[in-house]
Amino acid sequence: MVFFTHILGYAKKLPRRYLRTGFIDTLRLHVKGGAGGSGSPRYGGRGGSGGNVYVVSKEELTLNHVRKKWKEKNIHAGTGDNSSAKGIIGIPGSNINIEIPCGITVFDDNGLKLGELNEENSKLMVAKGGLGGCPETQFCGRKGESRTIILDLKLIADVGLVGFPNAGKSTFLHAMSNARPKIASYPFTTIKPQIGTMVYKDHRQITVADLPGLIEGAHANIGMDIRTELVWKLSSY
Numbered sequence: 001m002v003f004f005t006h007i008l009g010y011a012k013k014l015p016r017r018y019l020r021t022g023f024i025d026t027l028r029l030h031v032k033g034g035a036g037g038s039g040s041p042r043y044g045g046r047g048g049s050g051g052n053v054y055v056v057s058k059e060e061l062t063l064n065h066v067r068k069k070w071k072e073k074n075i076h077a078g079t080g081d082n083s084s085a086k087g088i089i090g091i092p093g094s095n096i097n098i099e100i101p102c103g104i105t106v107f108d109d110n111g112l113k114l115g116e117l118n119e120e121n122s123k124l125m126v127a128k129g130g131l132g133g134c135p136e137t138q139f140c141g142r143k144g145e146s147r148t149i150i151l152d153l154k155l156i157a158d159v160g161l162v163g164f165p166n167a168g169k170s171t172f173l174h175a176m177s178n179a180r181p182k183i184a185s186y187p188f189t190t191i192k193p194q195i196g197t198m199v200y201k202d203h204r205q206i207t208v209a210d211l212p213g214l215i216e217g218a219h220a221n222i223g224m225d226i227r228t229e230l231v232w233k234l235s236s237y
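Following this line, the structure appears as structure tokens:
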């Protein structure tokens with residue numbers, strides 16, 4: 001019983017150690033749609049609508065790339081131009097596309113799921129720009145939508161290797177791909193996902209993820225909650 005308690009205590013510490021590594025599976029960003037431009041009561045002109053903020057999925061990206069590109073984490077779309085004598089209809093504000101990895105689930109700050117982007121070039125609006133000034137708004141431009149979004153990485157590879165600690169997952173990945181995971185005789189050697197690529201003669205590629213060993217309660221989503229297209233279970237006897 002004492003030994004089992006020590007093992008559980010070690011397992012509970014794993015998520016914290018995992019978060020201290022370079023691998024990121026969650027990223028929080030604040031996005032804001034652009035404000036609409038003012039209309040012109042004198043000329044009956046409409047202001048340009050504010051720009052929208054989108055997230056667009058791209059292969060070969062990680063959340064580390066997103067974090068490095070958007071260091072400020074406050075992303076604002078362009079403001080619509082005002083109506084004027086030279087331009088009765090204001091030019092809309094510029095949109096912003098945030099490129100993110102495939103396999104992302106997007107939530108708002110209240111935990112509401114906004115959508116999933118699992119395929120290349122999937123697109124999701126996360127902040128809508130404000131309406132340009134017009135008679136319905138007394139020619140005043142409206143503010144853009146503002147919210148905090150959470151990018152949660154779920155789908156990280158085509159195949160996920162699962163099994164209990166020391167089942168040989170890292171050894172298998174090392175032998176079958178270009179990955180070089182840490183291999184040792186003690187449990188929980190892998191504390192963050194390791195991704196390897198298997199390349200076939202016809203240039204097809206399959207990504208394989210070596211996931212941390214299963215812990216008690218994994219069936220109830222206790223752990224990292226990572227998703228792959230296929231699951232390959234390894235066991236040792």
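Quick note on numbering: the UniProt record's numbering labels position 9 of the sequence shown as 9, and the sequence is numbered without any gaps. All C-beta atoms in this analysis are idealised placements derived from N, C-alpha and C, irrespective of residue type, glycine included.
Annotated as proximal: asparagine 118 and glycine 103, with beta-carbon spacing under 7 Å.
Ranking Leu131, Ile150, Lys143 by CA distance to the CA of lysine 113 puts Ile150 first. Secondary structure at proline 92: coil, using DSSP grouped into helix, strand and coil. Around the C-beta of serine 38, 16 or more other C-beta atoms lie within 10 Å, and the residue is accordingly described as buried.
In the three-state DSSP reduction, arginine 67 falls in the helix class (H, G or I). Under the three-state reduction of DSSP, leucine 112 is assigned to coil, being neither helix nor strand.
In summary, threonine 26 is exposed, with fewer than 16 beta-carbon neighbours lying within 10 Å of its beta-carbon over all protein chains present. Within the same chain, Cβ atoms closer than 7 Å to the Cβ of arginine 46 are found at Gly39, Ser83, Ile89, Gly90, Gly132, Gly133, Cys134, the five residues on either side in sequence being excluded. Of all alpha-carbon atoms in Lys128, Ile75, Gly163, the one lying nearest the alpha-carbon of isoleucine 98 is that of Ile75.
When the beta-carbon positions are compared, serine 146 and proline 92 stay at least 7 Å from each other.
Val208 is the residue among Gly111, Val208, Val162 whose C-alpha sits nearest the C-alpha of leucine 173. Closest option to isoleucine 24, judged by alpha-carbon separation, among His30, Thr79, Lys68, Lys86: Lys68. When DSSP states are grouped into helix, strand and coil, glutamate 99 belongs to the strand group.
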